[in-house]
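> Each protein sequence line maps, in turn, to chains A and B. Numbers 1 to 336, taken from UniProt numbering, label the letters of the first sequence in order. Numbers 1 to 336, taken from UniProt numbering, label the letters of the second sequence in order. Note that CB positions come from ideal geometry on N, CA and C, so glycine has one too. These numbers come from a predicted model, not from an experiment. Have a look at the structure that comes next, please.
There are 2 protein chains.
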Amino acid sequence: MKKKITIKEIAKILMVSVSTVSKAMNDSPEISEKTKKKVKDLAKFYGYTPNHIAVSLKNQSTFNIGVIIPDIQNPFLAEVLKNIEITAKKKGYRIITFFTDEKLKEERESLNILSNGMVEGIIVCPSEETFVEREFKHFNNIAETTPIVTFDRIHKELDFNSVSVDDDQSILKACAHFKENNLKNILFVSSIGWLSVGKTRRRTFKSYMETEKAIEGETIEEHNLDELRAKIEARITDNSLPKIEAILGADIESTLIASASISRNKIKFIDEVSLIGYVNKNHNELQYPRVSYINQFPEKVGEKAVDLLINNLKEDHKKATLEIIKTEIVTKDTSK
Amino acid sequence: MKKKITIKEIAKILMVSVSTVSKAMNDSPEISEKTKKKVKDLAKFYGYTPNHIAVSLKNQSTFNIGVIIPDIQNPFLAEVLKNIEITAKKKGYRIITFFTDEKLKEERESLNILSNGMVEGIIVCPSEETFVEREFKHFNNIAETTPIVTFDRIHKELDFNSVSVDDDQSILKACAHFKENNLKNILFVSSIGWLSVGKTRRRTFKSYMETEKAIEGETIEEHNLDELRAKIEARITDNSLPKIEAILGADIESTLIASASISRNKIKFIDEVSLIGYVNKNHNELQYPRVSYINQFPEKVGEKAVDLLINNLKEDHKKATLEIIKTEIVTKDTSK
DNA sequence: CTGAAAGCGCTTACAG
DNA sequence: CTGAAAGCGCTTACAG
Numbered sequence: 001m002k003k004k005i006t007i008k009e010i011a012k013i014l015m016v017s018v019s020t021v022s023k024a025m026n027d028s029p030e031i032s033e034k035t036k037k038k039v040k041d042l043a044k045f046y047g048y049t050p051n052h053i054a055v056s057l058k059n060q061s062t063f064n065i066g067v068i069i070p071d072i073q074n075p076f077l078a079e080v081l082k083n084i085e086i087t088a089k090k091k092g093y094r095i096i097t098f099f100t101d102e103k104l105k106e107e108r109e110s111l112n113i114l115s116n117g118m119v120e121g122i123i124v125c126p127s128e129e130t131f132v133e134r135e136f137k138h139f140n141n142i143a144e145t146t147p148i149v150t151f152d153r154i155h156k157e158l159d160f161n162s163v164s165v166d167d168d169q170s171i172l173k174a175c176a177h178f179k180e181n182n183l184k185n186i187l188f189v190s191s192i193g194w195l196s197v198g199k200t201r202r203r204t205f206k207s208y209m210e211t212e213k214a215i216e217g218e219t220i221e222e223h224n225l226d227e228l229r230a231k232i233e234a235r236i237t238d239n240s241l242p243k244i245e246a247i248l249g250a251d252i253e254s255t256l257i258a259s260a261s262i263s264r265n266k267i268k269f270i271d272e273v274s275l276i277g278y279v280n281k282n283h284n285e286l287q288y289p290r291v292s293y294i295n296q297f298p299e300k301v302g303e304k305a306v307d308l309l310i311n312n313l314k315e316d317h318k319k320a321t322l323e324i325i326k327t328e329i330v331t332k333d334t335s336k
Numbered sequence: 001m002k003k004k005i006t007i008k009e010i011a012k013i014l015m016v017s018v019s020t021v022s023k024a025m026n027d028s029p030e031i032s033e034k035t036k037k038k039v040k041d042l043a044k045f046y047g048y049t050p051n052h053i054a055v056s057l058k059n060q061s062t063f064n065i066g067v068i069i070p071d072i073q074n075p076f077l078a079e080v081l082k083n084i085e086i087t088a089k090k091k092g093y094r095i096i097t098f099f100t101d102e103k104l105k106e107e108r109e110s111l112n113i114l115s116n117g118m119v120e121g122i123i124v125c126p127s128e129e130t131f132v133e134r135e136f137k138h139f140n141n142i143a144e145t146t147p148i149v150t151f152d153r154i155h156k157e158l159d160f161n162s163v164s165v166d167d168d169q170s171i172l173k174a175c176a177h178f179k180e181n182n183l184k185n186i187l188f189v190s191s192i193g194w195l196s197v198g199k200t201r202r203r204t205f206k207s208y209m210e211t212e213k214a215i216e217g218e219t220i221e222e223h224n225l226d227e228l229r230a231k232i233e234a235r236i237t238d239n240s241l242p243k244i245e246a247i248l249g250a251d252i253e254s255t256l257i258a259s260a261s262i263s264r265n266k267i268k269f270i271d272e273v274s275l276i277g278y279v280n281k282n283h284n285e286l287q288y289p290r291v292s293y294i295n296q297f298p299e300k301v302g303e304k305a306v307d308l309l310i311n312n313l314k315e316d317h318k319k320a321t322l323e324i325i326k327t328e329i330v331t332k333d334t335s336k
């Protein structure tokens with residue numbers, strides 16, 4: 001493997017100083033056009049490009065933004081990530097992405113590495129384990145030296161600029177949607193009861209059901225997807241119980257399972273049962289039936305997160321801003 | 001924002017030299033236990049961690065691997081990426097990921113940035129535009145100084161270590177599967193005719209059909225997904241034409257659309273039509289019906305790519321190795 | 001217009 | 001066992 005050529009070697013070949021080469025490469029007005037051309041031509045010939053690590057160290061700035069994501073396989077997070085990248089690039093920043101697999105340990109490592117001079121600031125969706133353990137110190141340590149923006153998952157101890165989705169409103173809007181259509185027996189299904197976001201979604205559902213006396217709410221929560229499917233199918237085909245008129249899926253998996261269970265048992269959508277849930281937007285459009293869903297606007301989440309971080313870079317933040325993205329119910333084939 | 005503390009400042013506080021602090025932090029045997037403790041305690045107190053950029057510059061090694069991916073929304077690529085990260089981490093490397101959005105320009109930029117000292121080597125899935133333009137020079141330039149491993153998409157001008165999937169065999173295996181089940185009229189559907197991988201899949205399908213006189217092959221290719229669906233539905237419901245007995249989907253989108261079209265028109269899977277295609281494995285398991293699919297083993301692709309790169313780091317490569325991952329047909333609900 | 005010098009934050013061969 | 005010095009590849013204030 002050839003070594004990359006450096007400014008020093010170019011200087012030697014051209015018999016000029018290192019400073020002259022550096023200035024010429026950076027188009028400094030101090031340097032004559034003639035010298036600039038000479039330097040640039042040789043640089044091109046040898047395929048010289050400045051060493052980024054050296055430039056970063058010297059300038060004490062990297063134009064990198066760190067992004068920490070629990071799981072790329074999650075379509076919502078993948079779409080947020082994509083938009084973080086697009087927005088960052090527009091503003092002249094690159095992103096360096098780490099994945100935590102929902103683990104606290106990996107999150108801590110990622111934060112450490114990124115904050116050691118690799119990036120100007122960090123956008124992070126905290127891992128599930130972080131919430132389970134209620135362990136937030138590592139964020140605060142890092143935040144003293146590196147600006148942090150969190151997204152999607154919030155907690156009162158996470159006192160940073162953050163962007164999240166109006167989760168309560170999403171669930172309430174779905175329930176209200178069912179109510180408007182006069183649906184009385186509503187089943188809440190979830191495979192993420194253990195996840196904090198799963199807990200709040202269930203809590204919101206239940207509290208709605210308590211205030212609405214005319215409507216009955218039931219819940220099925222099960223982490224094992226096969227069992228979840230078995231339980232859902234058992235419930236929707238049990239004629240000895242009140243008929244389920246609507247299902248609310250708390251996550252992509254449970255929504256898919258509910259949709260499949262209904263289809264498999266030849267139950268008719270809308271006529272017999274309605275369904276609203278969370279979906280992979282790209283795929284949902286292609287499926288039959290297309291499930292009515294809660295749109296969380298991942299584009300907006302990503303864009304806003306970058307905005308908050310970059311503003312934060314310029315002026316030290318005083319008070320944490322919390323941006324909340326409004327969601328909407330998108331009606332497709334599984335509900336009126 | 002507080003500045004991060006440096007070795008120099010710790011040295012000053014402790015009234016020892018910078019070298020002593022550095023050696024103590026790195027547990028050098030040259031340093032007494034007493035001094036080590038003193039240094040480490042203070043380092044901990046001030047939250048000192050070594051500046052990665054400086055260490056990289058000094059050591060001329062970063063323990064970073066660059067990864068360049070056309071699109072994270074592609075479930076296959078996302079899964080490969082995940083496994084690249086897992087494998088790299090196991091071997092003590094971090095990954096820095098860039099996305100090209102299938103654009104040549106972005107690919108070129110990503111390669112430039114990564115090769116300027118940021119990483120030890122680069123794993124890349126070349127963008128579609130790169131193939132369309134037949135423009136591979138940028139790879140060769142970079143490859144002189146930075147080891148490159150390509151994956152998933154190959155081309156004879158891309159003379160690097162690479163891992164790819166046995167695409168021809170996949171299509172042939174699916175065709176053979178249909179043949180074994182005595183299916184005569186086979187429809188190949190694709191939304192990626194413009195993509196090189198789409199072209200080879202079609203070509204392979206067609207050549208199989210030519211050799212098998214007893215079987216009829218038809219193809220529908222259409223980039224616009226709504227139109228693709230319209231065309232597929234028109235064909236499978238047209239009774240004036242020979243009945244389609246099996247469908248082969250050339251990509252995730254066309255496979256989903258074919259499955260949905262069949263369901264929407266109440267055509268029975270297996271009895272009336274069989275379907276094999278490419279799927280998002282995680283979601284496919286939850287859907288009804290679960291589509292029979294071609295498993296490309298993204299785990300293996302990711303792991304192998306990292307292996308090849310890391311071996312390449314150690315000994316300069318002489319001749320490019322091409323690893324081919326064998327695929328398999330996984331039978332689910334849409335075929336025998 | 002060009003160059004010598006200092007320095008970004010580290011590591012390490014060498015001297016003591 | 002500790003420290004002074006050189007250097008990784010750059011940039012830039014300063015001198016000439």
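With a 10 Å radius around its C-beta and 16 neighbouring C-beta atoms as the bar for buried, classify T87(B) as buried or exposed.
When all chains shown are included, T87(B) counts as buried.
> Of all the options N185(B), K23(B), S196(B), which has the alpha carbon lying nearest to the alpha carbon of R235(B)?
Minimum Cα distance to R235(B) is reached at N185(B).
> For Q73(B), go through chain A and note every residue whose CB falls closer than 8 Å to its CB, in chain order.
The answer, in chain order, is P75, A78, E79, K82, N282.
> State yes or no: is the beta carbon of R202(A) nearer than 8 Å to at least one beta carbon in chain B?
No, R202(A) does not count as interfacial toward chain B.
> Would you say T49(B) reaches chain A, if we count a Cβ-Cβ gap shorter than 8 Å as a contact?
Yes - at least one Cβ of chain A is within 8 Å of the one on T49(B).
> Classify T211(B) as buried or exposed, calling it buried when 16 or more other Cβ atoms lie within 10 Å of its own Cβ.
It is exposed - the Cβ of T211(B) has fewer than 16 other Cβ atoms within 10 Å.
> Pick from K326(B), E323(B), K332(B), N312(B): whose alpha carbon is nearest that of I148(B)?
With distances taken between Cα atoms, I148(B) lies closest to N312(B).
> Give a yes or no on whether the C-beta atoms belonging to L42(B) and I13(B) are separated by under 8 Å.
Yes. Within cutoff.
> Within the 8 Å Cβ cut-off, does I53(B) reach chain A?
Taking Cβ atoms only, chain A reaches closer than 8 Å to I53(B), which makes this a yes.
> Quick one: measure Cβ to Cβ for N116(A) and P50(B), integer angstroms, because I've assumed they're closer than 8 Å.
That belief holds up - the Cβ atoms of N116(A) and P50(B) are roughly 7 Å apart, short of 8 Å.
> Establish whether the CB of S263(B) and some CB of chain A are separated by less than 8 Å.
So yes, S263(B) belongs to the interface.
> Using the DSSP secondary-structure output, state which residues sit across from T321(A) in a beta bridge.
Answer by DSSP bridge pairing: none, since T321(A) is not bridged.
> In whole angstroms, what is the alpha-carbon distance linking R94(B) and N64(B)?
Taking the straight line joining both Cα atoms gives about 5 Å.
> Would you identify the three-state DSSP class for V301(A), choosing helix, strand or coil?
Here V301(A) sits in helix by DSSP.
> If you follow the beta strand (DSSP E) that G66(B) is part of, which residue opens it and which one closes it?
From DSSP, the beta strand (DSSP E) with G66(B) extends over 64 to 69.
> Can you give the Cα-Cα distance for I215(A) and K179(A), rounded to whole angstroms?
Straight-line Cα distance between these residues: approximately 8 Å.
> Run through chain B and tell me which residues come within less than 9 Å of A260(A), C-beta to C-beta.
Per Cβ cutoff of 9 Å: L286, Q287, Y288, P289, R290.
> If you measure from the beta carbon of N147(B) to each beta carbon in chain A, is any gap under 8 Å?
This sequence places Pro at residue 147(B); Asn is not what is there. Yes, P147(B) lies at the interface with chain A (some Cβ there is under 8 Å from its Cβ).
> Could you pull the DSSP bridge partners for F188(B) from this structure?
Answer by DSSP bridge pairing, in chain order: T219(B), L248(B).
> Anything in chain B within Cβ reach of R153(A), meaning under 8 Å, just list it in chain order.
Per Cβ cutoff of 8 Å: no residues; R153(A) is ~20 Å from chain B at best.
> Consult DSSP for N83(B) and reduce its assignment to one of helix, strand or coil.
It is helical.
> For residue 338(B), which residues in the same chain have their Cβ closer than 8 Å to its Cβ, ignoring the five residues on either side in sequence?
Outside the modelled stretch of chain B, which goes from 1 to 336, sits residue 338(B), for which no answer is possible.
> How would you list, in chain order, the residues of chain A whose beta-carbon sits under 8 Å from the beta-carbon of F99(B)?
Chain A residues near F99(B): K82, E85.
> For G193(A), return the contacting residues in chain B, with the cut-off set at a CB-CB distance below 7 Å.
In chain order: nothing, as chain B lies at least about 17 Å away.
> Which one of S191(A), G66(A), V165(A) has the shortest CA to CA distance from I324(A)?
The shortest C-alpha separation from I324(A) is found at V165(A).
> Could you tell me the boundaries of the alpha helix (DSSP H) in which N295(B) lies?
Unbroken run through N295(B) is the beta strand (DSSP E), 292 to 295; no alpha helix (DSSP H).
> Which bits of chain B does S56(A) rub up against, with CB to CB less than 8 Å?
Those within 8 Å of S56(A) in chain B are I53.
> Taking only three categories from DSSP, how would you classify E328(B)?
Residue state, collapsed to three classes: strand.
> Note down, one range per segment and in chain order, each alpha helix (DSSP H) of at least 4 residues found wholly within the stretch 113 to 177 of chain A.
The stretch 113 to 177 of chain A contains these whole alpha helix (DSSP H) runs: 128 to 133, 137 to 143.
> Check whether chain B comes within 8 Å of N161(A), counting only Cβ atoms and requiring the distance to be less than that.
Not closer than 8 Å to any Cβ of chain B, the Cβ of N161(A) fails to qualify, so no.
> How would you call T97(B), buried or exposed, if buried means at least 16 neighbouring beta carbons within 10 angstroms?
Label assigned to T97(B): buried.
> Report yes or no: is there a C-beta of chain A within less than 8 Å of the C-beta of G249(B)?
Not an interface residue.
> If you count every other CB in all the chains shown that lies within 10 Å of the CB of F205(B), and 16 or more means buried, which is it?
Answer is buried; the Cβ neighbour count reaches 16.
> If we ignore side chains and look at the alpha-carbon of each, how far apart do W194(B) and H223(B) end up?
One C-alpha to the other measures close to 8 Å.
> Sorted by chain position, which residues of the same chain lie with C-beta nearer than 6 Å to E128(B)'s C-beta, five sequence neighbours on each side aside?
Around E128(B): E102, L195.
> If you reduce the DSSP assignment to three classes, tell me which class V273(B) lands in.
V273(B): strand per DSSP, three-state reduction.
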